[in-house]
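Each remark here refers to the structure printed beneath this line.
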Amino acid sequence: MSVGVGVVRVGQVTQFSARIVSIGYPHVSTSIYFQYSHNQTFSPRQVHCTFSPLSTPSFSSSTNMVSSTSATMAIMLLFALFALSSALDMSIISYDNAHQDKATWRTDEEVNSLYEEWLVKHGKLYNALGEKDKRFQIFKDNLRFIDQQNAENRTYKLGLNRFADLTNEEYRARYLGTKIDPKRRLGRTPSNRYAPRVGETLPDSVDWRKEGAVVPVKDQASCGSCWAFSAIGAVEGINKIVTGDLISLSEQELVDCDTGYNMGCNGGLMDYAFEFIIKNGGIDSEEDYPYKGVDGLCDEYRKNAKVVAIDGYEDVNAYDELALKKAVANQPVSVAVEGGGREFQLYSSGVFTGRCGTALDHGVVAVGYGTDNGHDYWIVRNSWGADWGEEGYIRLERNLGNSRSGKCGIAIEPSYPIKTGQNPPNPGPSPPSPVKPPNICDNYYSCSDTATCCCIFEFGNDCFEWGCCPLEGATCCDDHYSCCPHDYPICNTYAGTCLRSKNNPFGVKALRRTPAKPHGAFAGNKKVSNA
Numbered sequence: 001m002s003v004g005v006g007v008v009r010v011g012q013v014t015q016f017s018a019r020i021v022s023i024g025y026p027h028v029s030t031s032i033y034f035q036y037s038h039n040q041t042f043s044p045r046q047v048h049c050t051f052s053p054l055s056t057p058s059f060s061s062s063t064n065m066v067s068s069t070s071a072t073m074a075i076m077l078l079f080a081l082f083a084l085s086s087a088l089d090m091s092i093i094s095y096d097n098a099h100q101d102k103a104t105w106r107t108d109e110e111v112n113s114l115y116e117e118w119l120v121k122h123g124k125l126y127n128a129l130g131e132k133d134k135r136f137q138i139f140k141d142n143l144r145f146i147d148q149q150n151a152e153n154r155t156y157k158l159g160l161n162r163f164a165d166l167t168n169e170e171y172r173a174r175y176l177g178t179k180i181d182p183k184r185r186l187g188r189t190p191s192n193r194y195a196p197r198v199g200e201t202l203p204d205s206v207d208w209r210k211e212g213a214v215v216p217v218k219d220q221a222s223c224g225s226c227w228a229f230s231a232i233g234a235v236e237g238i239n240k241i242v243t244g245d246l247i248s249l250s251e252q253e254l255v256d257c258d259t260g261y262n263m264g265c266n267g268g269l270m271d272y273a274f275e276f277i278i279k280n281g282g283i284d285s286e287e288d289y290p291y292k293g294v295d296g297l298c299d300e301y302r303k304n305a306k307v308v309a310i311d312g313y314e315d316v317n318a319y320d321e322l323a324l325k326k327a328v329a330n331q332p333v334s335v336a337v338e339g340g341g342r343e344f345q346l347y348s349s350g351v352f353t354g355r356c357g358t359a360l361d362h363g364v365v366a367v368g369y370g371t372d373n374g375h376d377y378w379i380v381r382n383s384w385g386a387d388w389g390e391e392g393y394i395r396l397e398r399n400l401g402n403s404r405s406g407k408c409g410i411a412i413e414p415s416y417p418i419k420t421g422q423n424p425p426n427p428g429p430s431p432p433s434p435v436k437p438p439n440i441c442d443n444y445y446s447c448s449d450t451a452t453c454c455c456i457f458e459f460g461n462d463c464f465e466w467g468c469c470p471l472e473g474a475t476c477c478d479d480h481y482s483c484c485p486h487d488y489p490i491c492n493t494y495a496g497t498c499l500r501s502k503n504n505p506f507g508v509k510a511l512r513r514t515p516a517k518p519h520g521a522f523a524g525n526k527k528v529s530n531a
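Each step along the sequence shown adds one to the number in the UniProt record's numbering, with nothing skipped, and position 520 is 520.
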């Protein structure tokens, strides 16, 4: 006896068919049709099964026995197919059917609508073919996770924030940066300045935002510069406390210029940043040295514009939340946490009691503490924009009785700048950078000093027409039309995008080249392009 099985899915209907043919009795066969359908209104499952003999000859007694055997096998196969249908259905099940018996049930229309609204809110555009659908699948998976977590009545809520179209692995790789080699770690400088004293009383709550010591939440973008934002936030706070002036300072100066130990968009430590500011004699303002979100060359003119200075820095005694509480009661404090968990990624509001460890990978600022319905918390300022968390902040659980490291490791490496005096005289705005000569493409054509020469028409080893990519050190793509930034050097000419690496799905839109100009269009000296 042989068995043949077929599975066909058309729209919302899945049909299984089986044919049983007995060996030695080819004229005896039975077909089974098993149909399962589900529709957009998500009514209970509808299953239809039909037995239909393909031929109806006259049977002898032996034939009847085979027919009976075939029928028995058909019934057994029916149950096997029913089980198979459930397994197959789970692999293609929609968000809605997976949740139709739960309070978190959503229709496909609702999920699609949420996605489209989310795309508009966060200004998301996908250039690569099929990327929008791929991101939608990740979005749905994150939405399921959010609904499941929020249904458990925790002290915090998750939400569809800017990271809702990222897997947790993508989020960690893109926003948390690279950890510094512990062997390069400067020796900590612990101090007893904020060591708890017997009988000492601290305020029940502190919020430096209400004291005007915290600038509006900033956004590090897809650059692993959290360490710079943490250090700058602490310096901005102590400067306001000591001088009365709240000045937004330059994270980009640290990214560009503090390269002795820190690594710009690839990670760093707050203590190194404090060390740089001290040795440099101060730090420039954000207005004068604005944030770009990419590694750049250090602007020496602006580096020398010392708007705010500090005298030193110290580390809070590690693994001591009470010492950290005393420090935060006196000034905003730079802290490091483990922010790589999925709950942290999708945090929206409330006192965060979710899962996280002590593998420190994200720099933030503790700007206060308090209690909400019996739950003690830290007020932590993040650098992912005001759309994340509670207008850019997260309240982390405080006073963990079973953990000296604090929630997400917040008590392991806290540090703060020291400032006792006034700032250097205001240097005023930095002078404009000197005009650089253009880049020479060949004997006849040039591009501006901020552009890269890229050949448009090449024959053999000679270029007969040049174009200019509007970036320094750009990658010229093989299509002779587009180009990519130096930090996104992989050209995906098919999709029109530029990637960080071949295995990294994130990219930026490729740039167009513009025609090069004759040398006479540029005044002054010229330099030969290395591109």
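We put the beta carbon where it would ideally sit given N, CA and C, even for glycine.
Cβ neighbours of residue 494 within its own chain (closer than 8 Å, five residues either side excluded): 129. DSSP places residue 235 in the uninterrupted alpha helix (DSSP H) bounded by 226-243.
Counting only the Cα atoms, residue 217 lies some 6 Å from residue 392. With a contact defined as Cβ atoms closer than 8 Å, residue 417 and residue 315 miss out at about 11 Å. Beta bridge pairing from DSSP links residue 425 with no other residue. Leaving aside the five residues that flank residue 358 on each side, the residues in its chain whose CB is nearer than 8 Å to its CB run, in chain order, 338, 405, 408, 409, 412. Taken through DSSP and simplified to helix, strand or coil, residue 202 comes out as coil.
Contact between the region 299-318 and the region 275-283 is established, with three or more Cβ pairs separated by less than 8 Å. With respect to the C-alpha of residue 230, the residue from 383, 397, 442 having the closest C-alpha is 383. A distance below 8 Å separates the beta carbons of residue 369 and residue 206.
In the structure shown, the three-state DSSP call for residue 300 is helix. The three-state reading of DSSP puts residue 318 in coil, since its state is none of H, G, I, E or B.
When DSSP states are grouped into helix, strand and coil, residue 439 belongs to the strand group. When the Cα atoms are used, residue 235 and residue 154 turn out to be separated by approximately 35 Å. In this structure, DSSP gives residue 115 a helical state, which the three-state scheme calls helix. Contact between residue 232 and residue 211 does not hold, since their C-beta atoms are separated by about 18 Å, which reaches or exceeds 8 Å. In this structure, residue 507 sits near residue 492, with a CB-CB distance shorter than 8 Å. Using a C-beta cut-off of 8 Å, the region 362-377 makes no contact with the region 296-306, since fewer than three inter-stretch Cβ pairs fall below that distance. For residue 366, the secondary structure class from DSSP, reduced to helix, strand or coil, is strand. For residue 395, the enclosing beta strand (DSSP E) stretches over residues 393-397. If you check the CB distance, residue 270 and residue 334 come in under 8 Å. Secondary structure note for residue 498: its beta strand (DSSP E) is the uninterrupted segment 497-499. Here residue 286 carries a coil assignment [DSSP, helix/strand/coil]. Look at residue 343 here: in three-state DSSP terms it is helix. In the structure shown, the three-state DSSP call for residue 408 is helix.
Excluding five sequence positions before and after residue 385, the CB atoms of its chain that fall closer than 8 Å to its own CB belong to 162, 217, 218, 219, 392, given in chain order. Boundaries of the beta strand (DSSP E) harbouring residue 158: 156-158, taken from the DSSP string.
Look at residue 350 here: in three-state DSSP terms it is strand.
In the structure shown, residue 257 falls within a helical segment according to DSSP collapsed to helix, strand and coil.
By the CB criterion at 8 Å, residue 321 and residue 351 fall outside the cutoff. Cβ contact annotation for residue 353 (same chain, cutoff 6 Å, sequence separation greater than five): 155, 397, in chain order.
For residue 326, the closest C-alpha among the options 483, 109, 194 is that of 194. Sequence-distant Cβ neighbours of residue 305 in its own chain, meaning closer than 7 Å and more than five residues away, are 284, 288, 427, 430. With fewer than 16 other Cβ atoms inside 10 Å of its own Cβ, residue 137 counts as exposed. Taking all protein chains shown into account, residue 302 has 16 or more neighbouring C-beta atoms within 10 Å of its C-beta and is therefore buried. Judged by DSSP in its simplified three-state form, residue 272 adopts helix.
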